[in-house]
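Chemist: Residue numbers (this note's numbering): 1302 to 1442. The structure follows.
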Amino acid sequence: MPIRISCLCGKTSVDLHGQPAARANCHCASCRDFYGTTMLSATAWHEEAVRIANGACSIFQHPAKQLSKAFCSTCGEVLFGSNRLGMRVVPNAMTARATGGSLDAKLAPTMHLFYRHRIIDVTDALPKYLDGRDGPQYEAS
Ligand SMILES: [Zn+2]
Ligand SMILES: [Zn+2]
């Protein structure tokens, strides 16, 4: 069964099929600015796993970066974005709303990315990569 996320006005909904490819809290400046949040807590999905079920999304393409976001043409809420790898990025606020207000454990973040660029500190047990997940991790001193 796909997870169906819906915008606030209810006109646009998107189905998420299968499992996400990655689950993370991203602290990079691009995500922060593009999504207007202190960190982006989200899942990343292969493009074909994210399908519009009802309504219509408009696309905003970042003027300088390989980022875009799809928002409901009526209420303007962002349902998902696309990152520079071509993955679809779904904010955890959307999936939590779709599953009764709490985030399914199968969608919970497994790491922090670009923690070097954070504007808030997070004290949890997840690995905190200073940059991407192929690089060094943050060590609390
Ligand atoms: Zn990011
Ligand atoms: Zn809407």
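Glycine residues also receive a C-beta, built at the ideal position from the N, C-alpha and C atoms.
Please tell me whether, using a cut-off of 7 Å, the distance from the CB of C1332 to the nearest non-hydrogen atom of ligand 2 is below it.
Modeler: Mapped onto the sequence shown, residue 1332 falls at position 31. Checking every heavy atom of ligand 2 against the Cβ of C1332, none is found closer than 7 Å.
Chemist: Beta carbon of K1370: closer than 7 Å to some heavy atom of ligand 2?
Modeler: One-based indexing of the sequence shown puts residue 1370 at position 69. No, since every heavy atom of ligand 2 falls outside the 7 Å radius drawn around the Cβ of K1370.
Chemist: Please name the residue, chosen from P1321, I1353, Q1438 and I1421, that lies closest to R1333 on a Cα-to-Cα basis.
Modeler: On the sequence shown, residue 1333 is found 32 positions in, with the first residue counted as 1. Among P1321, I1353, Q1438 and I1421, the Cα nearest to that of R1333 belongs to I1421.
Chemist: How many angstroms separate the CA atom of E1349 from the CA atom of S1442?
Modeler: Here residue 1349 is taken as the residue at index 48 of the sequence shown, counted from 1. Here residue 1442 is taken as the residue at index 141 of the sequence shown, counted from 1. E1349 and S1442: Cα-Cα distance of roughly 42 Å.
Chemist: Which ranges would you report for the alpha helix (DSSP H) in the stretch 1308-1343 if only whole runs of at least 4 residues count?
Modeler: Counting whole runs of 4 or more residues, the stretch 1308-1343 contains the alpha helix (DSSP H) stretches 1330-1336.
Chemist: Whole angstroms are fine: how far does the CA of T1411 sit from the CA of F1372?
Modeler: Along the sequence shown, read from residue 1 onward, the residue named residue 1372 stands at position 71. Along the sequence shown, read from residue 1 onward, the residue named residue 1411 stands at position 110. Whole-angstrom Cα-Cα distance: 26 Å.
Chemist: Can we count F1448 as close to ligand 1, meaning its CB is less than 7 Å from some heavy atom?
Modeler: Outside the modelled stretch of the chain, which goes from 1302 to 1442, sits residue 1448, for which no answer is possible.
Chemist: Quick one: what's S1369 bridged to in DSSP?
Modeler: Position 68 of the sequence shown, counted from the start, is the residue given in the question as residue 1369. DSSP lists Q1362 and S1383 as partners of S1369.
Chemist: Is it the case that the Cβ atoms of L1471 and Y1430 are separated by a distance below 8 Å?
Modeler: Outside the displayed range of the chain (1302 to 1442) lies residue 1471, so it cannot be described from this structure.
Chemist: Comparing alpha-carbon positions, which option in R1305, I1304, T1344 and T1375 lies nearest C1358?
Modeler: By one-based count along the sequence shown, residue 1358 stands at place 57. Measuring from the Cα of C1358, the nearest candidate turns out to be T1375.
Chemist: I need the boundaries of the alpha helix (DSSP H) containing A1406, first residue and last residue.
Modeler: Within the sequence shown, residue 1406 is the residue found at index 105, counting from 1. Segment: none, A1406 is in no alpha helix (DSSP H) and carries neither H nor E.
Chemist: Out of P1437, M1340 and G1402, state which residue places its alpha-carbon closest to the alpha-carbon of I1306.
Modeler: Counting from one through the sequence shown, the residue named residue 1306 turns up at place 5. When each option's Cα is compared against that of I1306, the closest is G1402.
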